[in-house]
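Those letters in the sequence shown? Residues 0 to 454, per numbering that gives the first Met the number 0, in order.
Notes follow the structure.
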Amino acid sequence: MTEFDVLILGGGSGGYACALRASQLGLNVALIEQDKLGGTCLHRGCIPTKALLHAGEVADSTRHAAEFGVNAQLNGIDMNAVNSYKDGVISKLHKGLQGLVKSRNVTYIEGHGRLVAPNAIEVNGVRYTGKNIVLATGSYPRTLPGLEIDGNRIITSDQALNMNYIPNTAIVLGGGVIGCEFASVWKSFGADVTIVEGLPRLVALEDESSSKQLERAFRKRGIKFEVGTRFQSATTSESGVTVTLENGTQFTADVLLVAVGRGPVTDNIGYQEQGLTMDRGYLIVDDKCRTNLPGVFAVGDIIPTLQLAHVGFAEGILVAEEIAGQNPRPINYDGVPRVTYSDPEVASVGLTTAVAKERGHDVVELNYDLAGNGKANILKTAGSVKLVAEKNGPVLGIHMVGARVGELLAEAQLIFNWEAEASDVAQLIHAHPTLSEAVGEAHLALAGKPLHAHG
Ligand SMILES: Cc1cc2nc3c(=O)[nH]c(=O)nc-3n(C[C@H](O)[C@H](O)[C@H](O)COP(=O)(O)OP(=O)(O)OC[C@H]3O[C@@H](n4cnc5c(N)ncnc54)[C@H](O)[C@@H]3O)c2cc1C
Numbered sequence: 000m001t002e003f004d005v006l007i008l009g010g011g012s013g014g015y016a017c018a019l020r021a022s023q024l025g026l027n028v029a030l031i032e033q034d035k036l037g038g039t040c041l042h043r044g045c046i047p048t049k050a051l052l053h054a055g056e057v058a059d060s061t062r063h064a065a066e067f068g069v070n071a072q073l074n075g076i077d078m079n080a081v082n083s084y085k086d087g088v089i090s091k092l093h094k095g096l097q098g099l100v101k102s103r104n105v106t107y108i109e110g111h112g113r114l115v116a117p118n119a120i121e122v123n124g125v126r127y128t129g130k131n132i133v134l135a136t137g138s139y140p141r142t143l144p145g146l147e148i149d150g151n152r153i154i155t156s157d158q159a160l161n162m163n164y165i166p167n168t169a170i171v172l173g174g175g176v177i178g179c180e181f182a183s184v185w186k187s188f189g190a191d192v193t194i195v196e197g198l199p200r201l202v203a204l205e206d207e208s209s210s211k212q213l214e215r216a217f218r219k220r221g222i223k224f225e226v227g228t229r230f231q232s233a234t235t236s237e238s239g240v241t242v243t244l245e246n247g248t249q250f251t252a253d254v255l256l257v258a259v260g261r262g263p264v265t266d267n268i269g270y271q272e273q274g275l276t277m278d279r280g281y282l283i284v285d286d287k288c289r290t291n292l293p294g295v296f297a298v299g300d301i302i303p304t305l306q307l308a309h310v311g312f313a314e315g316i317l318v319a320e321e322i323a324g325q326n327p328r329p330i331n332y333d334g335v336p337r338v339t340y341s342d343p344e345v346a347s348v349g350l351t352t353a354v355a356k357e358r359g360h361d362v363v364e365l366n367y368d369l370a371g372n373g374k375a376n377i378l379k380t381a382g383s384v385k386l387v388a389e390k391n392g393p394v395l396g397i398h399m400v401g402a403r404v405g406e407l408l409a410e411a412q413l414i415f416n417w418e419a420e421a422s423d424v425a426q427l428i429h430a431h432p433t434l435s436e437a438v439g440e441a442h443l444a445l446a447g448k449p450l451h452a453h454g
């Protein structure tokens, strides 16, 4: 069969979520993938990085075991064993996903696809048509002009995830999410790491207070960073790589990880030829992920929304429901939870103070220090829960730093997305002793009845 209700190009988070939901809604679906089902997130992104970060956490726990009265010694990191643990996680999830796609009767087409008409994609010389087409071809690691990735000394996250050794020294170009996660894991594995970031602070999209706390924690961990200075050049030699910044500062290391963002995969696959509207490589869509061509949708990293797997899932589901005539509500992108899984973690949802002010809100802020939280003391983690709220109104943003705070987003995103006020949350009882109490206590304090909070 070559005719479908929904024909999807790209089997990553956005594409496969769309396929699963569309088939659940009774549509006849085909999914085209040239590499591995699961895409970047499963094979080169979220899952492998978090497995490495967990191995790093185990190493740090061992290193610091004596602080908890436990006698243990870190005898080294066996990268081959770390990689086989990581690959085992990927492989299990990959098999599960393959089974899921099959069980939902999605037709899986292997091969490189090309959009040859607004309703047709060609794969291996066969023309498939769809009443609806969903483009979900994802993204690739970007580099800077003149900075060539050689895969050895100068690498991207793709290579960094499969190294069979730990560099003694590493330079990470880019202090965003991916850069900070790799810096964190390499430091946990014993490397000497320097981050170079052109913007004035690490994780610059986060609230300024979160950046400050992450920088303080990284400094304490011995992760070096140079912010506010732009990269100029890099040269490699037998023994390493030297990076020169525009202010003349030089760093030399075993490897340079280029983590300066990801570009959309939209070239040479027929998008331009079919007349899709694009801006700097991204496909332009409306709030239902519709492109300018009727019946053609785009989701995930190829559209200029947050490049996150759960955003891809949500957009894929939205499109499937739109095609099935369910008229779903557009996504509120402010309400998307965001996590940097470094040690410590940085997690947020909603608006930063700066953005809230830019949008004209009458802002009040509250900072609850984790020093007042029992579980944080047990874990020996530092950080805070910061609330940004409308004066006498709803919570506009929640910004957290500390070990495991990513898990606290489950509640934080409900608070934001249900437009709760501090007094609504203050009524909720949080289990003691948990980190979630810090979320409760921050709202208690903002509602004017602080419990374990000074000042
Ligand atoms: C190191 C790293 C860590 C990350 N960590 C996280 C995280 O912790 N949490 C999070 O939410 N996000 C994370 N992300 C981002 C997340 O991986 C992406 O946002 C997500 O994978 C995007 O999904 P997608 O479907 O748009 O694209 P992709 O997952 O890139 O999938 C696109 C698929 O399309 C296929 N394809 C492309 N062109 C064609 C063609 N012409 N024919 C056939 N197939 C084609 C590709 O092979 C690929 O499988 C991370 C990314 C990286 C790189």
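By construction, the Cβ of each residue, glycine as well, lies at the ideal position given by its N, Cα and C atoms.
Just so we're clear, the structure is a prediction, and the values are computed from it rather than from any experiment.
| Asked | Found |
| --- | --- |
| Ligand 1 heavy atom lying under 7 angstroms from the CB of Glu-320 | no |
| Whole-angstrom C-beta distance between Arg-215 and Glu-207, which should lie under 8 angstroms | Actually they do not touch by this definition, with Cβ atoms about 13 angstroms apart. |
| Inter-stretch contact (C-beta, 8 angstroms, three-pair minimum) for the region 61 to 70 and the region 124 to 140 | no |
| Gly-13 - containing beta strand (DSSP E), residue span | Taken as a continuous stretch (DSSP letters only), Gly-13 belongs to no beta strand (DSSP E), being part of the alpha helix (DSSP H) at 12 to 23. |
| Residue range of the beta strand (DSSP E) that includes Leu-244 | 240 to 244 |
| Spatially closest choice to Gln-158 from Leu-255, Asn-27 and Val-240, by CA coordinates | Leu-255 |
| Span separating the alpha-carbon of Val-394 from that of Val-387 | 6 angstroms |
| Coarse secondary structure for His-398, derived from DSSP in three states | strand |
| Endpoints, beta strand (DSSP E) assigned at Asn-366 | 362 to 368 |
| Length of the line joining the Cα atoms of Val-362 and Ala-419 | 15 angstroms |
| Expected contact under 8 angstroms - CB spacing of Leu-23 and Arg-103 to nearest Å | A small correction: the amino acid at residue 23 is Gln; Leu does not occupy that position in the sequence shown. Contact flag correct, Cβ pair sits at about 7 angstroms. |
| Buried versus exposed call for Ser-236 [16 or more other C-beta atoms within 10 Å across all chains shown] | exposed |
| Closer than 7 angstroms: Cys-179 CB and nearest ligand 1 heavy atom | no |
| Proximity of Arg-20 and Ala-319 at Cβ, strictly below 8 angstroms | yes |
| Proximity test, Ile-308 beta-carbon vs ligand 1 heavy atom, cut-off 7 angstroms | For the record, residue 308 in the displayed sequence is Ala; it is not Ile. Flag set: Cβ of Ala-308 near ligand 1. |
| Identity of the residue in Ile-153, Gln-97 and Arg-289 nearest Thr-241 by Cα | Ile-153 |
| As assigned by DSSP and simplified to three states, the class of Glu-418 | coil |
| Start and end residues, beta strand (DSSP E) containing Arg-220 | Here Arg-220 belongs to no beta strand (DSSP E); instead the alpha helix (DSSP H) covers 207 to 220. |
| Environment of Ala-375 [buried if 16+ CB atoms lie within 10 Å] | buried |
| Residues near Asn-291 in its chain [Cβ-Cβ closer than 6 angstroms; skip 5 each side] | Thr-276 |
| Ligand 1 heavy atom lying under 7 angstroms from the CB of Leu-282 | no |
| Length of the line joining the Cα atoms of Tyr-332 and Asn-416 | 10 angstroms |
| Tyr-127 beta carbon near ligand 1 (any heavy atom closer than 7 angstroms) | no |
| Span of the beta strand (DSSP E), counted from its first residue to its last, around Leu-114 | 112 to 116 |
| Beta-carbon proximity of His-442 to Glu-436, cut-off 8 angstroms | no |
| Residue closest to Leu-41, alpha-carbon to alpha-carbon, out of Gly-95, His-453 and Asn-267 | Gly-95 |
| Distance between Pro-166 and Gly-75 (C-alpha atoms, nearest Å) | 13 angstroms |
| Three-state class that DSSP yields for Phe-67 in the structure shown | helix |
| Contact test: Cys-288 Cβ vs ligand 1 heavy atom, cutoff 7 angstroms | no |
| Distance CB(Leu-146)-CB(Ala-252) smaller than 8 angstroms | no |
| For Val-404, the three-state DSSP class (helix, strand or coil) | helix |
| Glu-32 burial status per 10 Å Cβ neighbour count (16 or more: buried) | buried |
| Whether Val-264 touches Thr-142 by CB criterion (8 angstroms) | no |
| Heavy atom of ligand 1 within 7 angstroms of Val-184 beta-carbon | no |
| Residue from Gly-38, Asn-151, Pro-327 and Ile-132 with nearest C-alpha to Ile-89 | Gly-38 |
| Beta carbon of Trp-110 nearer than 8 angstroms to that of Phe-3 | With the sequence shown as reference, residue 110 is identified as Gly, and Trp is not the correct amino acid for it. Contact flag unset, no. |
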